[in-house]
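Residue numbers (the working numbering), protein chains in the order written: chain U, 159 to 456; chain G, 2 to 395. What follows is a single structure, written as structure tokens, with notes after it.
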Ligand SMILES: Cc1ncc(C[n+]2csc(CCOP(=O)(O)OP(=O)(O)O)c2C)c(N)n1
């Protein structure tokens, strides 16, 4: 596939500015870029979360349906099936849902829409916590991150469990296309959206969307953090197609994990040992991923 | 030609749905509703029904996938019971608040615990304030006819409200009766294709499920309530036209039996009405001036119509399969009493709570209910306002 270039992107905006979301919102960027690829023949689905707050007040230029927090997968199923009943074949049915709506309350419906094989795209806007309600932990919050329900302190040391790995859970559902992305690698993300739109069946993309309010950094640094997450291998970029995992971007010399962590207040409480532990876990995770990618090549 | 078949209540619902040609069916099994899900799957497998069928993974999703499908402007059907209905509740508000004309069969079963799979209206009554129309049926024929009418009413531009077609688990859902299945062409001419006023459509983008600021939010509720009011008329109209075309009537909002010169009336919903009818006939022969009012539409509650009909009756005994714990009565009793608030010389209203959790309601018990109501009519007082029919066991 020929790589996408910035010149090819449409100048149309489908995600309207001046909406309710914060300055420096990573989700906003993810939404805007994806819709540029998907275009007018798209029906957007969302559930409560930061993005719904923007969309229900008019930020969506394409048709929009919002349902209960747990219902993302069900909404996709219903709209896709109804379009099929009507004989409409060229419309993208796409959900944009936060990591809480994906990894926690909506996991059943997500699993089911993929298991039933509906022809839909599910994009998880991953800001690693329940940001719309003020930043509580979700299953996708990373190990040791402080949230309002997992404060960082001497006794309670941020989240005690690692991030739930939804992309690999989706790959194990044998979804025809699964990918991770980061808004810091816009073209890589958009290419993945484009690719997903061209494949039949359920597609899942989880895009990392830094959140200045929840993560604790200046709003001008969103893209920088989204890049650092990849450059430190904390958030590797890969895709899984028909069970074969491919790393889509490899930082040649990875930056130390501490550079990423020290840039965010949610990791302020980390000690030197914590940093070392997290570096070790990231290295192990990367090695495992490489192994998966290598076995896919064979 | 219409055909007559010996089928159970669930099959009657499924045949009714088939005749309405929904585009999307999406339902999750639960006793005693499960056969509906299976009958419809069979119709589709045999090529007798062209609907798309979503084999959904739970009721919360069942309601939301149905809402999503209906949002694109297609005709939809779902079905559930008891725990499944409760599990749907968030979606019930979405369906009604989005004013989508979904039709759902609710096979009434009491809510656990204590666990039961048997009849009770308490499951649907608990969803009273979700904004759905609720029609209660008492026989297979009534179920089939009501499903067809329900689409007509729900899709009427004056209404646009989802409808629950309710009937009791096992007693009605699994009871075999001779049911007349009308011709497809006749149903087609009674029920034209659904023309949605709004829909999810890339040719005409709009945001459904929008946000409403405080100055607008209550206005939406008010409109919903006005449509509910309008539904009283539309239900009656649909029933009248159906009766003319198909030669059968179940009374629309309610059915009054031997009420004209009655001193006292037993009011009930669903299958209890048929037992009550037998009892009333027997007591009439003995000279007791009793009538039966079978209430079909609980939402909208036909307040004015009931006030008119029961205005000259001296006592009404409300026999019902639900109870509002702490509310001192069943829902129908409480609503009827409030309808007669400040009506001078209104009837004395008694409540008989019965038949929940599948408890049998025998003709003898109903006879006692009728006689107590009559005594209240004659003496101007009842023994107890709310009485539980618990027999000897309790
Ligand atoms: C059933 C239900 N439970 C809880 C909520 C409250 N709620 C709304 S949004 C939200 C968190 C959303 O988090 P996430 O999905 O991660 O999206 P984000 O806001 O971070 O984009 C919660 C808990 C709700 N709307 N519905």
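We put the CB at the ideal spot given by N, CA and C, even for glycine.
Start-to-end residues for the alpha helix (DSSP H) that takes in residue i
i: residue 362/U; result: Looking at the DSSP string, residue 362/U is not in any alpha helix (DSSP H); the run it does join, the beta strand (DSSP E), is 361-366.
i: residue 11/G; result: 10-20
i: residue 266/U; result: 265-273
i: residue 103/G; result: Careful: residue 103/G lies outside any alpha helix (DSSP H) and carries neither H nor E.
i: residue 35/G; result: 35-46
i: residue 224/G; result: 215-247
i: residue 55/G; result: Premise fails: residue 55/G lies in the beta strand (DSSP E), 53-55, not in any alpha helix (DSSP H).
i: residue 388/U; result: 380-389
i: residue 375/U; result: No alpha helix (DSSP H) holds residue 375/U; DSSP gives it neither H nor E.
i: residue 340/U; result: Note, residue 340/U: premise wrong, no alpha helix (DSSP H); beta strand (DSSP E) at 335-340.
Under 7 Å between C-beta atoms of residue i and residue j
i: residue 192/U; j: residue 62/G; result: no
i: residue 80/G; j: residue 150/G; result: no
i: residue 188/G; j: residue 106/G; result: no
i: residue 237/U; j: residue 213/G; result: no
i: residue 203/U; j: residue 179/U; result: no
i: residue 172/U; j: residue 220/U; result: yes
i: residue 174/G; j: residue 108/G; result: yes
i: residue 3/G; j: residue 134/G; result: no
i: residue 329/U; j: residue 363/U; result: no
i: residue 253/U; j: residue 280/U; result: yes
i: residue 297/G; j: residue 137/G; result: yes
i: residue 366/G; j: residue 390/G; result: yes
i: residue 297/U; j: residue 305/U; result: no
i: residue 347/G; j: residue 341/G; result: yes
i: residue 14/G; j: residue 148/G; result: yes
i: residue 154/G; j: residue 96/G; result: no
i: residue 409/G; j: residue 169/G; result: A question about residue 409/G goes unanswered here, because the residues of chain G that appear run from 2 up to 395.
Inter-residue spacing [alpha-carbon to alpha-carbon] between residue i and residue j
i: residue 50/G; j: residue 37/G; result: 14 Å
i: residue 98/G; j: residue 72/G; result: 12 Å
i: residue 218/U; j: residue 168/U; result: 16 Å
i: residue 115/G; j: residue 357/G; result: 11 Å
i: residue 290/U; j: residue 256/U; result: 9 Å
i: residue 264/U; j: residue 231/U; result: 7 Å
i: residue 202/G; j: residue 248/U; result: 12 Å
i: residue 285/G; j: residue 104/G; result: 38 Å
i: residue 132/G; j: residue 225/G; result: 8 Å
i: residue 446/U; j: residue 244/U; result: 45 Å
i: residue 122/G; j: residue 299/G; result: 11 Å
i: residue 402/U; j: residue 77/G; result: 39 Å
i: residue 345/U; j: residue 352/U; result: 10 Å
i: residue 112/G; j: residue 86/G; result: 10 Å
i: residue 216/U; j: residue 293/G; result: 53 Å
i: residue 229/G; j: residue 101/G; result: 13 Å
i: residue 330/G; j: residue 336/G; result: 10 Å
i: residue 152/G; j: residue 221/G; result: 22 Å
i: residue 441/U; j: residue 19/G; result: 59 Å
CB-CB length for residue i against residue j, believed under 8 Å
i: residue 126/G; j: residue 323/G; result: 4 Å
i: residue 316/G; j: residue 325/G; result: Not quite, the Cβ-Cβ distance comes to about 22 Å (not below 8 Å), so this is no contact.
i: residue 25/G; j: residue 270/U; result: So it is not a contact: roughly 16 Å between Cβ atoms.
i: residue 291/G; j: residue 355/G; result: The Cβ separation is near 17 Å, so there is no contact.
i: residue 177/G; j: residue 9/G; result: 5 Å
i: residue 59/G; j: residue 88/G; result: 7 Å
i: residue 119/G; j: residue 171/G; result: 6 Å
i: residue 378/G; j: residue 257/G; result: So it is not a contact: roughly 16 Å between Cβ atoms.
i: residue 340/U; j: residue 392/U; result: Not quite, the Cβ-Cβ distance comes to about 10 Å (not below 8 Å), so this is no contact.
i: residue 223/U; j: residue 210/G; result: 6 Å
Range covered by the beta strand (DSSP E) that runs through residue i
i: residue 284/U; result: 279-284
i: residue 295/G; result: 291-296
i: residue 399/U; result: 395-399
Residue i: CB within 6 Å of a non-hydrogen atom of ligand 2
i: residue 206/U; result: Ligand 2 is not part of the structure shown, which contains ligand 1 as its ligands.
Exercise for the section: Please list the residues of the stretch 131-147 of chain G that have a C-beta atom closer than 7 Å to any C-beta atom in chain U, keeping them in chain order. Expected result: Of all residues in the stretch 131-147 of chain G, none has a Cβ within less than 7 Å of some Cβ in chain U.
Practice task
Using a Cβ-Cβ cut-off of less than 7 Å, give me the residues of the stretch 89-103 of chain G that come near chain U, in sequence order.
Solution key: The residues in question are 91, 92, 95.
Problem - Residues from the stretch 202-231 of chain G in contact with chain U, defined by Cβ distance under 7 Å - result: 202, 203, 206, 207, 208, 209, 210, 211, 212
Practice task
Determine which residues of the stretch 66-77 of chain G have a Cβ less than 7 Å from any Cβ of chain U, and write them out in chain order.
Solution key: 66, 67, 68, 69, 70, 72, 73, 75
Exercise for the section: Taking only beta carbons into account, state which residues of the stretch 239-253 of chain U come closer than 7 Å to chain G, listed in chain order. Expected result: 239, 240, 241, 242, 243, 244, 249
Practice task
Mind checking the stretch 7-36 of chain G against chain U and listing, in chain order, the residues whose C-beta falls within less than 8 Å of any C-beta there?
Solution key: Within the stretch 7-36 of chain G, the residues whose Cβ lies closer than 8 Å to some Cβ of chain U are 24, 25, 27, listed in chain order.
Practice task
Return the residues of the stretch 51-66 of chain G that lie within a Cβ-Cβ distance of less than 9 Å from chain U, sorted by chain order.
Solution key: Those would be 51, 52, 53, 54, 55, 56, 57, 58, 59, 61, 62, 63, 64, 65, 66, in chain order.
Exercise for the section: Note down, in chain order, all residues in the stretch 178-210 of chain U with a beta-carbon under 8 Å from any beta-carbon belonging to chain G. Expected result: 198, 199, 200, 201, 203
Exercise for the section: Give, in chain order, every residue of the stretch 253-275 of chain U whose Cβ lies closer than 9 Å to some Cβ of chain G. Expected result: 266, 267, 269, 270, 271, 273, 274
Practice task
Mind checking the stretch 215-231 of chain U against chain G and listing, in chain order, the residues whose C-beta falls within less than 8 Å of any C-beta there?
Solution key: 215, 216, 218, 219, 220, 221, 222, 223, 224, 225, 226, 228, 229, 231
Problem - chain G contacts made by the stretch 311-328 of chain U, where a contact means CB separation under 8 Å - result: none
Practice task
Would you list, in chain order, the members of the stretch 351-367 of chain U that have their beta-carbon closer than 7 Å to a beta-carbon of chain G?
Solution key: Nothing from the stretch 351-367 of chain U brings a Cβ to less than 7 Å from some Cβ of chain G.
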